[in-house]
Amino acid sequence: MRVVEVIIDGFKSYAVRTVISGWDESFNSITGLNGSGKSNILDSICFVLGITNMTTVRAQNLQDLIYKRGQAGVTKASVTIVFDNRDKKKSPIGFEEYAQISVTRQIVLGGTSKYLINGHRAQQQTVQNLFQSVQLNINNPNFLIMQGRITKVLNMKAVEILAMIEEAAGTRMFEDRRDKAFKTMAKKEMKVQEITELLKEEIEPKLEKLRTEKRAFLDFQQTQNDLERLTRVVVAHDYLKNQEKVSQSANDLELKKQRAIALEESANRLKSEISFLEEDIKRVKAQRDKELKKGGKAQALEDEVKKYSHELVRLATVMDLKKSSIAEEQERKLATQKTVSEMESLLKQKTKVYEKLQSQYDKAKEDLEKQNLEVETKEELLQTLQTGVASKEGQESGYQGQLQDARNRLSAASTEQEQAKLKITHLEKRIKEEEPRAKKAKEQNAGLLGDLEGLRSQAQKLEKELQKLGFEAGKEDDMYKQESAIQQKYPKNTGTVRCLKTSKVKGLVAQLFTIDKNHTAAGTALEICAGGRLYNVVVDTEVTGTQLLQNGKLRKRVTIIPLNKNCCLSSFGREKIGAAQKIAPGKVDLALSLVGYDEEVSTAMDYVFGNTLICADAATAKRVTFDASVRMKSITLEGDSYDPSGTLSGETELGDIQATIAREKKKMDQARKIKQELDLKSHEVKLTEEQIGSNSSSSIIQEIENMKASIIQLKQDLVEAKKRQDEAAKDIKRIEKDMKEFDNNKDGKLVELQSSLDSLRKALTKNSTAVKALHKELQSAQMDTEQVGGDLSNAQEQLQEDSHDIAQAHLDDERAKLSGFDDELHSLEQASRSKASRITEEGLEMQKLGHQIEKFHKEQQAAVQTVSHMEKEHDWIADEKDNFGRTGTPYDFKGQNIAECKSTLRNLTDRFQGMKKKINPKVMNMIDSVEKKEVALKNMMKTVIRDKKKIEETISSLDEYKKKALQETWQKVNKNFGQIFAELLPGSFAKLDPPEGKTIADGLEVKVSLGKVWKQSLTELSGGQRSLIALFTHYGPITIQSSTHLYSR
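Residue 1 is where the sequence shown starts when you use the UniProt record's numbering, and the numbers rise one by one after that.
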């Protein structure tokens, strides 16, 4: 393959298309004046052959190869070399059928480069493979021999000379292929490692997990089969028993009806006997009066009458005394009732005042929060409009931010409306579909639902009675526990009561401290901190406190603070305070440090203010209160309280607790009886609900009710969303209007905003002061309400005691009257009462029978419903019920223990439900996929290993071929090299030999013999001799390789 012509267009100095033809087959030389473009032709050939070193073609980049770098209108460079390919033995691999081969390389301004082979676009690697297949390697260092390069061969190392022989032998291309093969082997080794890691770290663990899940799934399927089998057995048994119950209930019902008829006949007979007995009593009385009027019996009877008269006078006197006592007690009761009425009226007034103040405070606080938000929004807007920068990082600034927020709210409200409408439509559709079934279910359960409503009504009545008594579950136990705890905390003092000294009673807590002018802002917080303790009485010891309670004739219940019982703040507490002040420096103070007081009452002040922190704001209070190193109660300057651990109790509760226990005992006993009745009714309600719940139709009724409630809630949400949508739309119009005004008159709008902001700040300051005052007034009203409530409770207790005394007096009077009844009249009426008692007993029995009959009716109805429900729920009953209980069938109950079957069924059901949540139903498909993936990866790994082995074997065989080819080429080159040198320099000889003691693989050195003397070094030769040696070293390989080499000058 030789060069036929070279076509240059736009390359370096060749601005127009230039064709260079007439190339010689063996040797070509280009001559010309300096600057005529000789070297540019060599550069163009190197350019086509794909040279990578730009310095060789005297350029820094590809753009330098375009004529005048593209500034003269030429924007691309193109070079084409046409090769003669008629010698098929020396043709490139794959191009044997072409007589000529044209290779073109083009670059466009900007650095884009492309190759063409015979007019078709090709990759750079394809072009390099084409040239290397004919031992034409542009990147060979000896391919282009520049000026002065020939003599440098004398300084070449042995390895470099060997490289020239390898290039002549054509094994250099093999070296490149071998390097690529080694890289391919490295990639395949990496691929093997990747596959191994994938199998080890992902596939195999996943496969093991799936195999475990598969075993669990198969176990689940077996459990499911066992569950279905046992379910059939148990359902068949229950179905059979319910059918037997229906038949048995009918027989028992008939017997009960016959007994009821017999009792009714007996009652009629006894009533007739009682009427005859009453006629006999009248006849006996008439005979007794007739006998009393006869003979001397009258005088005896008169004496007896006088005796009874005296007794009557005595009893009348006693009765008058009792009436007088009753009258006094009634007067006391009326007075107490009046007090209670006044207290109740006062409590209602105080409560109304408190509720009114609470409502005003809540509204004022809400308005204050809205004003705060409006001030913040105005400040943010004003700052943004003035500076162009938002005060909050990450938020949209100015009107655009407000407009975007309003649009977001409008969109959210619209979306919420659409979702609510869709849900309402869906629910209404479902209600319409399910209502016929629900109506049918109500008709089926009408009897049971009526009974359930009756039981619930009775339970509600009992609950109301309990509420009237003020019953609270566990209240009695809590009071006894409080009594025991207080007795342990404050042992009873048995000392002698001494006269109280005024110096021992210090006064109310509120009178014993002051607030410095610098801390007036904390007044609200300190007042909330102290709370009801402001009105506690401070005394020197607990003895003085006991005397004050017992002998002080106090009108109200008070709490005593003895100075010798309250301990000071512990070092542990000081550590907490220190930790809190580190968390928020300058924003946290102990309440005790903000008040002034005398040293003698420091213990009481510590008790009231020593365990509470005063914080500047809510954020600080939250941080220090719930921090693990603090955990103390905190109150903000605004009055908000944060308490993670509860409040402290007073020390004088023992008497109150004991009095409360005594006072509540009777009420508790009565409440306990009602509670027992309520528990029974609740149990009956639960049983009835379970009976109804066992019927699937009841769930439909409940579902309909739930859907209706959901529709009501969704409609409310729809109204609220509509309201938010309207508000957002109004805000959008307002903001757009403000934006338009701001665009038209920026300065005026800023002044208007500043004025509005100043007005809002003034109003905010004024409202904040009003809210604080209102909060203080609210706290005062709350304390008044609590005080009146306590007084009312005391008055009600006194009224209850007075009512009890009056009732006891009436009871004694009635007993006195009853004791005078005539014994004889009792004996005469005994028989009548006996008959009546028997009628009552039989009536009760008849009533009991009525209840039993009604119960039988319900049980029969429930059994019928259960059978019907079971037939609907289990379709297989209709086909299998003839086999229920039959020997030799799966439903042979004699060969199975039904109790064990039910127990096993419950266990299987629990196990099934537990397994159902854990098993993977897709495991069978998943494990097949993963197993296939595992097999594919293992096959792929085997293929990669096999390919790697083949590559290694090929490299080994090619290494042997390389050694053989290199040896043969060296011998030919060495022979030609010596003959050429001997011909041009008679009597001399030259050869290429490996270094002493080494092989050809280690390199080659030039050896020269002048005459019969072999020179030890080339430096012994003359300059001309060395030049010949260098030139022949280049020509030697060419003699056995018809390849192209370029020489510059």
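Even glycine gets a Cβ: it sits at the ideal position worked out from N, Cα and C. Computed from a prediction, not measured in an experiment: that's the story for all the values here.
Classification of residue i by the beta-carbon crowding that lies within 10 angstroms, buried from 16 upward
{"i": "GLN132", "result": "buried"}
{"i": "TRP970", "result": "buried"}
{"i": "MET924", "result": "exposed"}
{"i": "LYS542", "result": "Note that residue 542 is Glu in the sequence shown, not Lys. Buried, since its Cβ has 16 or more Cβ neighbours within 10 Å."}
{"i": "PRO92", "result": "buried"}
{"i": "MET190", "result": "exposed"}
{"i": "ILE562", "result": "Before going on, a small fix: residue 562 reads as Pro here, not Ile. The residue in question, PRO562, is buried, as its Cβ has 16 or more Cβ neighbours within 10 Å."}
{"i": "LYS766", "result": "exposed"}
{"i": "THR494", "result": "For THR494, the predicted structure reports a pLDDT of 34, less than 50, and the residue's modelled location is therefore unreliable. A value from the coordinates is still provided. Result: exposed."}
{"i": "ILE528", "result": "buried"}
{"i": "ILE701", "result": "buried"}
{"i": "SER345", "result": "exposed"}
{"i": "TYR961", "result": "exposed"}
{"i": "THR126", "result": "exposed"}
{"i": "ALA671", "result": "buried"}
Cross-strand partners of residue i (DSSP beta bridge)
{"i": "SER615", "result": "Correcting the residue type first, residue 615 is Cys in the shown sequence and not Ser. DSSP lists VAL588 and THR636 as partners of CYS615."}
{"i": "SER868", "result": "Answer is none; SER868 lacks a bridge partner."}
{"i": "ASP9", "result": "SER78"}
{"i": "PHE989", "result": "SER1009"}
{"i": "SER641", "result": "ILE635"}
{"i": "residue 1100", "result": "Because the chain here runs from 1 to 1049, residue 1100 falls outside it and cannot be looked at."}
{"i": "ALA122", "result": "TYR115"}
{"i": "ILE561", "result": "VAL538"}
{"i": "VAL19", "result": "ILE7"}
{"i": "SER102", "result": "VAL82"}
{"i": "THR514", "result": "GLY596"}
{"i": "VAL505", "result": "VAL539"}
{"i": "ARG2", "result": "ASP84"}
{"i": "ILE66", "result": "PHE11"}
{"i": "TRP876", "result": "For TRP876, which the question treats as bridged, DSSP gives no partner whatsoever."}
{"i": "TRP1014", "result": "SER1009"}
Sequence-distant residues of the same chain with beta carbon closer than 6 Å to residue i, five excluded per side
{"i": "ASN118", "result": "SER102"}
{"i": "ILE898", "result": "HIS237"}
{"i": "ASP669", "result": "none"}
{"i": "SER649", "result": "Per-residue confidence for SER649 stands at a pLDDT of 35, beneath the threshold of 50, marking its modelled position as unreliable; no derived number is given."}
{"i": "ALA77", "result": "GLY10, PHE11, LEU65, ILE66 and ILE107"}
{"i": "ILE577", "result": "LEU590"}
{"i": "VAL630", "result": "LYS576, ALA579, ALA580 and VAL624"}
{"i": "SER21", "result": "GLU5"}
{"i": "GLU25", "result": "ARG2"}
Beta-carbon separation (whole angstroms), residue i vs residue j, contact threshold 8 Å
{"i": "CYS615", "j": "LYS582", "result": "No, CYS615 and LYS582 are not in contact; Cβ-Cβ is about 14 Å, not under 8 Å."}
{"i": "GLU213", "j": "ASN907", "result": "Contact flag wrong, Cβ pair sits at about 22 Å."}
{"i": "THR524", "j": "LEU410", "result": "Not quite, the Cβ-Cβ distance comes to about 40 Å (not below 8 Å), so this is no contact."}
{"i": "LEU230", "j": "THR904", "result": "6 Å"}
{"i": "PHE27", "j": "VAL79", "result": "About 22 Å separates the two Cβ atoms, so there is no contact after all."}
{"i": "ALA158", "j": "GLY1011", "result": "With 8 Å as the limit, ALA158 and GLY1011 do not qualify as a contact, their Cβ atoms being about 25 Å apart."}
{"i": "VAL509", "j": "VAL538", "result": "6 Å"}
{"i": "ASN242", "j": "THR866", "result": "5 Å"}
{"i": "residue 1050", "j": "VAL235", "result": "Outside the displayed range of the chain (1 to 1049) lies residue 1050, so it cannot be described from this structure."}
{"i": "LYS948", "j": "MET185", "result": "6 Å"}
Sequence-distant residues of its chain with Cβ nearer than 8 Å to residue i (five each side left out)
{"i": "ALA260", "result": "MET846, LEU849, GLY850 and ILE853"}
{"i": "LEU678", "result": "ALA459, LEU462, GLU463 and LEU466"}
{"i": "ILE704", "result": "ILE431, GLU434, GLU435 and ALA438"}
{"i": "GLN417", "result": "LEU718, ALA721, LYS722 and GLN725"}
{"i": "GLU934", "result": "LEU199, ILE203, GLU204 and LEU207"}
Same chain, Cβ closer than 7 Å to residue i, neighbours up to 5 away in sequence not counted
{"i": "LEU592", "result": "MET605, ASP606, PHE609 and GLY610"}
{"i": "HIS519", "result": "LEU594"}
{"i": "ALA982", "result": "SER988 and PHE989"}
{"i": "GLN124", "result": "GLY50 and TYR115"}
{"i": "PRO995", "result": "ALA158, ASP1002, GLY1003 and GLU1005"}
Legend entry - Those runs of the alpha helix (DSSP H) which lie wholly inside the region 177-204 and span at least 4 residues: none
Legend entry - Ordered list of beta strand (DSSP E) runs contained in the region 702-769, each at least 3 residues: none
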